[in-house]
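Sequences listed follow chains A and B, in order.
Note that the working numbering has the first sequence beginning at 61, numbered continuously upward.
Note that the working numbering has the second sequence beginning at 5, numbered continuously upward.
Glycine included, each C-beta is placed from N, C-alpha and C at the ideal position.
Take a look at the structure set out below.
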Amino acid sequence: MMVPALRITRVSKHFDTAKGRVTAVEDVSLDIMQGEFISIIGPSGCGKSTLMNMVGGLLTEYDGEILLDGKKVSGCQPEIGMVFQEESTFPWRTAIENVAFPLEAAGLPRDKRVARARDLLDLVGLSGFENHYPAELSGGMRQRIAIARTLAFEPRILLMDEPFAALDEQTRMLLGDKVVQIQQQLKQTTLLITHNISEAVALSDRVLIMTFRPGRIKRVLDIDLPRPRSSEMMGSEKFASYVAEIWRDLREEASKGLQESEAAAR
Amino acid sequence: MLASILRPPPLIARTLVFVALLGAWELASLAGMVSRFIAPPPSEVFPAIATLFTDNDLVAAFLRTFGEVFAAAGIGSILGMIIGWWLHHDRTAGRAYTDWIAASAAAPLVLLFPLFLVLFGRNAATIIAMGAVSALPPVILKTKEGLDNVRVVLIDVGRTFRLTRWQQVKMILFPASLPTIFTGLRLGLVFALINVVGVEFLIGFGGLGLMIAELGDRFEIAGMYAAILFVVLCSATFFFLTEKLETWLLSAR
């Protein structure tokens, strides 16, 4: 039997806050195979980002086990790359310097890292913007720089935490197409966190639906749509039925989250 | 049309107000409303700048004062950045002492000059020490603020790329906080300048401050105002130059 690229076994995470103990993630188990594209969808506050930070090695204290190729993950690994929801480009570096950042830190000679960064900028469709500073570029372009920068380390596993959340709908769809295209090209194992149902269906092989606090896996749904995919298939009947199915499961959780945040505001 | 005359562009407005104030001063002096011994008219003050060069060795005084300012600001900046780093790094210490530093930034530290006079004697060391102490608070506060406000996500990016501790500092923390630290360094420089000239004046030792005191003592009032004007011009130029330097350095980061 094939060893999964990433194996998450009975992982839980509690936070001690002023209001007492909060369970962010509870008993999550999941096997991710090499080259798979998985989306995790859930209401705000379901512990999606916490889960990703544990897989990425940013959070090291938790219950359970996360294995990368059968070896326990402790701290950040070069095989695992992360793209963050927040704006994360370095404002004092140009586009190409941003992308070359991890290569510079790893001590790669200048000509090599510049050549590699140039290829990656080309891959994310930003040729010609090498010498622009992030402040001169749009939000979507900055997020593509961040993606290219993460890819520079050639991670085998790519974790993306709502990378398109701050973008408008159209940019989000175009960028989603780009991400699928790159993922198919590089055959990267990808874990995407999102709260956008259509995005999850359009991009993924499997969609994980999480419950509202504590975050548990409510359901895993296989998306049986042909590849290569693009946002154009969003009009199909099958696509619509997946979206409806996910929303049925998600609706209950989302309203729990809404009720709780309204109760807290009172 | 009328609106553009009433609201001229900033540079013209600035020049007009300056000329008008000088004119009012000149007229008040000519009309005998202000004693020449209290405030001689600009027509006497400006020519007196030239005599400062010939009779009072303005260049030597200038070099001396600015040498002291640079020494003071240099010591204050280095110490201030180290202390600022420590207050950022050690959260308990940061919470314990930051308010003190903020309070000392608002205090007239120049009043401590007798203490320094006793410690170092009546010489350049006292002046430099005083200037360095006054440069400290803004440098400490702005260094800490700059480091505290580096966005967590940028540090996380560094962690995912497995940067060493030193690389985190050099490649992320330092460049990210540099604009704020620079504000502190510039404020520190200005505070050092004010205090160096002030202490020179008070203890009658050194460059431009001493010159102003002596001119006053000799009742060369026009000369005294000319010297004050010169100090103001120098500080303004200085501030402008550091601003340019900052822009240049930040673009080269």
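Fill in: Gly78 of chain B CB to nearest heavy atom of the ligand HEM below 7 Å
As presented, the structure is devoid of all ligands, the ligand HEM included, so that no description of it is given.
Worksheet entry | Euclidean distance between Cα positions of Lys249 of chain A and Glu190 of chain A | In the first sequence, the residue the question calls residue 249 of chain A occupies position 189. In the first sequence, the residue the question calls residue 190 of chain A occupies position 130. Inspection of the sequence shows that residue 249 of chain A is occupied by Thr rather than by Lys. Straight-line measurement puts the Cα of Glu190 of chain A at about 27 Å from the Cα of Thr249 of chain A.
Worksheet entry | Alpha carbon of Leu193 of chain B to alpha carbon of Val159 of chain A, nearest angstrom | Translated into the one-based positions of the second sequence, residue 193 of chain B becomes position 189. Translated into the one-based positions of the first sequence, residue 159 of chain A becomes position 99. So the alpha carbons of these two residues sit roughly 37 Å apart.
Worksheet item: In chain B, which residues lie with their C-beta within 9 Å of the C-beta of Ala327 of chain A?
Response: In the structure as shown, chain A begins at 61 and stops at 326. Residue 327 of chain A is therefore absent and cannot be evaluated.
Worksheet item: Considering only C-alpha positions, which residue in the set A:Glu292, A:Ile306, A:Gly295, A:Pro194 is nearest to His255 of chain A?
Response: For the purposes of this step, residue 255 of chain A is taken as residue 195 along the first sequence, with counting starting at 1. When only C-alpha atoms are compared, the closest one is A:Ile306.
Worksheet item: Any beta-carbon of chain A closer than 8 Å to the one on Val157 of chain B?
Response: As a position in the second sequence, residue 157 of chain B is number 153, starting the count at 1. It does: the Cβ of Val157 of chain B has a partner Cβ on chain A nearer than 8 Å.
Discussion item. Less than 7 Å between C-beta atoms, sequence neighbours within five positions excluded: which residues of the same chain meet that for Leu189 of chain B?
Written reply: Position 185 of the second sequence, counting from 1, holds the residue named residue 189 of chain B. Only residues of its own chain outside the window of five on either side were considered, and among them Ser81, Val143 have a CB closer than 7 Å to the CB of Leu189 of chain B, listed in chain order.
Worksheet entry | Whole-angstrom distance between Val137 of chain B and Ala231 of chain B, CA atom to CA atom | Numbered from its first residue, the second sequence carries residue 231 of chain B at position 227. Numbered from its first residue, the second sequence carries residue 137 of chain B at position 133. In a straight line, the C-alpha of Ala231 of chain B is about 25 Å away from that of Val137 of chain B.
Item to complete: For Pro266 of chain B, return the contacting residues in chain A, with the cut-off set at a CB-CB distance below 7 Å.
Response: Outside the shown range of chain B, which is 5 to 257, sits residue 266 of chain B, and nothing can be said about it.
Worksheet item: Under the rule that 16 or more other beta-carbon atoms within 10 Å means buried, what is Asp123 of chain A, buried or exposed?
Response: Position 63 of the first sequence holds residue 123 of chain A. Flag for Asp123 of chain A reads exposed.
Worksheet item: For Gly200 of chain A and chain B, any beta-carbon pair shorter than 8 Å?
Response: The residue you call residue 200 of chain A lines up with position 140 of the first sequence. False, the Cβ-Cβ gap to chain B never drops below 8 Å.
Discussion item. Under DSSP, the alpha helix (DSSP H) around Ala3 of chain B begins and ends at which residues?
Written reply: Residue 3 of chain B cannot be examined here, being either before or after the span of chain B that is shown, 5 to 257.
Worksheet item: Ordered along the chain, which non-local residues of its own chain (more than five positions away) have a Cβ less than 6 Å from that of Pro103 of chain A?
Response: Along the first sequence, one-based indexing puts residue 103 of chain A at 43. Contacts found: Phe272, Glu313, Ala314, Gly317.
Discussion item. Just verifying my parser: in three-state terms, what is the DSSP assignment at His74 of chain A?
Written reply: For the purposes of this step, residue 74 of chain A is taken as the residue at position 14 of the first sequence. Three-state result, His74 of chain A: strand.
Discussion item. According to DSSP, Ser315 of chain A sits in a beta bridge with which residue or residues?
Written reply: Locating residue 315 of chain A in the first sequence gives position 255, where the first residue counts as 1. Note: Ser315 of chain A sits in no beta bridge, so no partner.
Worksheet entry | Rounded Cβ spacing between Val115 of chain A and Leu219 of chain A (contact assumed at less than 8 Å) | For the purposes of this step, residue 115 of chain A is identified with residue 55 of the first sequence, where counting begins at 1. For the purposes of this step, residue 219 of chain A is identified with residue 159 of the first sequence, where counting begins at 1. With a Cβ gap of about 6 Å, Val115 of chain A and Leu219 of chain A count as contacting.
Fill in: Alpha-carbon to alpha-carbon, Phe234 of chain B and Pro45 of chain B
Taking the first residue of the second sequence as 1, we reach residue 45 of chain B at position 41. Taking the first residue of the second sequence as 1, we reach residue 234 of chain B at position 230. Those two C-alpha atoms are separated by around 16 Å.
Item to complete: Check Asp221 of chain A in the structure and name its three-state DSSP category.
Response: Taking the first residue of the first sequence as position 1, residue 221 of chain A is located at position 161. DSSP places Asp221 of chain A in strand when its eight states are reduced to three.
Worksheet item: Secondary structure at Arg340 of chain A, three-state DSSP: helix, strand or coil?
Response: Nothing in the structure corresponds to residue 340 of chain A, since chain A is present only between 61 and 326.
Item to complete: Look up Val23 of chain B in the DSSP assignment and say whether it is helix, strand or coil.
Response: Here residue 23 of chain B refers to the residue found at position 19 when the second sequence is read from its first residue. Note: Val23 of chain B maps to helix in three-state DSSP.
Discussion item. What does the alpha-carbon distance come out to for the pair Val49 of chain B and Asp61 of chain B?
Written reply: As a working mapping, residue 49 of chain B is identified with position 45 in the second sequence. As a working mapping, residue 61 of chain B is identified with position 57 in the second sequence. Computed Cα separation, rounded: 17 Å.
Practice prompt. Check Glu139 of chain A in the structure and name its three-state DSSP category.
Written response: Numbered from its first residue, the first sequence carries residue 139 of chain A at position 79. Three-state DSSP puts Glu139 of chain A in coil, outside helix and strand.
Item to complete: Run down chain B in chain order and give the residues with a C-beta less than 9 Å from the C-beta of Pro103 of chain A.
Response: Counting from one through the first sequence, the residue named residue 103 of chain A turns up at place 43. Neighbours of Pro103 of chain A on chain B: none; closest Cβ ~22 Å, over 9 Å.
Fill in: Cβ of Leu251 of chain A within 8 Å of any chain B Cβ
Taking the first sequence and counting its residues from 1, the one referred to as residue 251 of chain A is at position 191. Chain B, which has no Cβ nearer than 8 Å to the Cβ of Leu251 of chain A, makes this no.
Worksheet item: How about the region 195-204 of chain B and the region 165-174 of chain B: do they share at least three Cβ pairs that are nearer than 8 Å?
Response: Verdict: no, contact absent.
Worksheet item: Which class does Gly236 of chain A belong to by DSSP, given the choice of helix, strand or coil?
Response: By one-based count along the first sequence, residue 236 of chain A stands at place 176. In the three-state scheme derived from DSSP, where H, G and I count as helix and E and B as strand, Gly236 of chain A is classed as helix.
Worksheet item: Using a C-beta cutoff of 8 Å, does Gly50 of chain A count as contacting chain B?
Response: Nothing can be reported for residue 50 of chain A, as the shown portion of chain A is limited to 61 through 326.
Worksheet item: Listing by chain order, which chain B residues have their CB less than 7 Å from the CB of Phe213 of chain A?
Response: One-based indexing of the first sequence puts residue 213 of chain A at position 153. Within 7 Å Cβ-Cβ: Phe165.
Item to complete: Below 6 Å CB to CB, which residues in the same chain sit around Leu115 of chain B once its five sequence neighbours on both sides are set aside?
Response: Translated into positions along the second sequence, residue 115 of chain B becomes position 111. Counting only Cβ-Cβ distances below 6 Å, and skipping sequence neighbours, we find nothing.
Discussion item. With H, G and I counted as helix, E and B as strand and the rest as coil, what does DSSP make of Ala84 of chain A?
Written reply: Your numbering for residue 84 of chain A matches position 24 in the first sequence. Correct three-state label for Ala84 of chain A: strand.
Discussion item. Which residues in chain B have a C-beta closer than 7 Å to the C-beta of Met220 of chain A? List them in chain order.
Written reply: To locate residue 220 of chain A, count along the first sequence from 1; it is residue 160. Those within 7 Å of Met220 of chain A in chain B number zero; the least Cβ separation is about 12 Å.
Worksheet item: How big is the Cα-Cα spacing for His92 of chain B and Ala262 of chain A?
Response: Sequence index remark: in the second sequence, residue 92 of chain B carries index 88 (1-based). Sequence index remark: in the first sequence, residue 262 of chain A carries index 202 (1-based). Approximately 45 Å, taken between the alpha carbons.
Worksheet item: Using the beta-carbon count (16 or more within 10 Å), is Ala128 of chain B buried or exposed?
Response: Within the second sequence, numbered from 1, the residue matching residue 128 of chain B stands at position 124. Per the 10 Å Cβ criterion, buried.
Worksheet entry | the region 135-148 of chain A: positions lying closer than 9 Å to chain B by Cβ | Against chain B - using a Cβ distance shorter than 9 Å - the residues of the region 135-148 of chain A are Gly135, Cys136, Gln137, Pro138, Ile140, Gly141, Met142, Phe144, Gln145, Glu146, Glu147, Ser148.
Worksheet item: Roughly how many angstroms separate the alpha carbons of Leu214 of chain B and Val157 of chain B, rounded to a whole number?
Response: For this step, residue 214 of chain B is matched to residue 210 along the second sequence. For this step, residue 157 of chain B is matched to residue 153 along the second sequence. Cα to Cα, Leu214 of chain B sits roughly 52 Å from Val157 of chain B.
Fill in: Coil, strand or helix - Arg308 of chain A by DSSP
Here residue 308 of chain A corresponds to residue number 248 of the first sequence, with the count starting at 1. Helix at Arg308 of chain A.
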